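K.L.:
Per the working numbering, the sequence shown starts with residue 20, numbered consecutively. Glycine is no exception: its CB is placed at the ideal position from the N, C-alpha and C atoms. None of these values were measured; they are calculated from a predicted model. Take a look at this one; I'll ask things after.
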Amino acid sequence: MIGRPNDLDEARELLAVACRVLFRLGLVDYMGHPSLRIPGSDLILIKPRHSTRIGAQDAIPPERMAVIDLDGRLIAGTDPPPGERFIHTAIYQARPDVGAIVHTHQPMATVMGIAGEPIQPILHVQSELVSEPIPVWECARLVTDAALGADLAQTLGTQRICHLRGHGIVSVAESLPEAVINAIHLEQLAEAAWRVRAMGARPRVIPPDEIEQRAATGSGWAVRWHYYTETTDTP
Ligand SMILES: [Zn+2]
């Protein structure tokens, strides 16, 4: 099934596509990293740490992706994992339901958090993602050890998005396409709010009954994933 790899090779291909989509939409640069659980194992496949060897995220070959265990140790790969791998390891340990994680420093969502402005449901398709307030991790440190990761995972709780104040966001989902699409939707919501505020207006917050009705219609994540993979296929 699209977006749900059967083995390590398919997971590598999917992760490379996710890196490309996130990069070409401007949600990551050399920083930020997606990951997913390797099917049938307790291991994680993650974008490797940036270096002069790695280059831009839209051109990382699938075979360069790093395999790590749930303690963050490199199991297989030519390049080390990111310093902030503990975001991923801690959340996978705390959330058996999570199959994929995206961490970004995406511009608009990060700015909204710095300003202390909640990202609210103001766009129809994207609103369902933020129908509940997003938890905020009040710490701008790099998540470079297990204790910081566990603290962040606790703040995320059972939610799909966590804001890292002065840093970025984390998006978690059952599959990697869903985690990527939710990060995209979050950025679209933040940008719309910023534009409305720039006009001197206050955005209309969509009420729960309208969000519920909208969620029952329209296309699912698989169709959206197809769109984003197709439209980011060339630079
Ligand atoms: Zn970060």
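#1: Taking only the alpha-carbon atoms, compute the straight-line gap between residue 217 and residue 134 and give it to the nearest angstrom.
#2: Please state the DSSP three-state secondary structure of residue 134.
#3: Sort 44, 155, 125, 162 by Cα distance to residue 249 and report the nearest one.
#4: Under 6 Å Cβ to Cβ from residue 247, same chain only, skipping five residues before and after it: list those, please.
#5: Candidates 195, 97, 237, 146: which alpha carbon is nearest residue 117's?
#6: Taking 7 Å as the cut-off, does the CB of residue 167 come closer than this to any heavy atom belonging to ligand 1?
#7: Measure the alpha-carbon distance for residue 255 versus residue 252 and round it to whole angstroms.
#8: Going by C-alpha distance, which of 99, 225, 63 is nearest residue 70?
#9: The beta strand (DSSP E) spanning residue 79 covers which residue range?
#10: Quick one: complete alpha helix (DSSP H) runs, 4+ long, within the stretch 129-185?
#11: Can you tell me whether residue 27 sits near ligand 1, meaning its C-beta is under 7 Å from at least one heavy atom of the ligand?
#12: May I ask you to report which of helix, strand or coil DSSP gives residue 123?
P.N.:
Looking at the coordinates:
#1: Indexing the sequence shown from 1 puts residue 217 at position 198. Indexing the sequence shown from 1 puts residue 134 at position 115. About 14 Å.
#2: The sequence position of residue 134 within the sequence shown is 115, counting from 1. Coil, per DSSP.
#3: Locating residue 249 in the sequence shown gives position 230, counting from the first residue. For residue 249, the nearest C-alpha among the options comes from 44.
#4: In the sequence shown, counting from the first residue as 1, residue 247 sits at position 228. Taken in chain order, the residues that qualify are 40.
#5: Taking the sequence shown and counting its residues from 1, one reaches residue 117 at position 98. Residue 117 has its Cα closest to that of 195, out of 195, 97, 237, 146.
#6: Taking the first residue of the sequence shown as 1, we reach residue 167 at position 148. Residue 167: no, Cβ never under 7 Å from ligand 1.
#7: Here the chain covers residues 20 to 254 and nothing more, so residue 255 does not appear.
#8: Within the sequence shown, the letter at position 51 stands for residue 70. Nearest option by C-alpha distance: 99.
#9: Sequence index remark: in the sequence shown, residue 79 carries index 60 (1-based). Per DSSP, residue 79 belongs to no beta strand (DSSP E) and is neither H nor E.
#10: 165-175
#11: Stepping through the sequence shown from its first residue, residue 27 is reached at position 8. Residue 27 Cβ: outside cutoff for every heavy atom of ligand 1.
#12: For the purposes of this step, residue 123 is identified with residue 104 of the sequence shown, where counting begins at 1. It is a strand residue.
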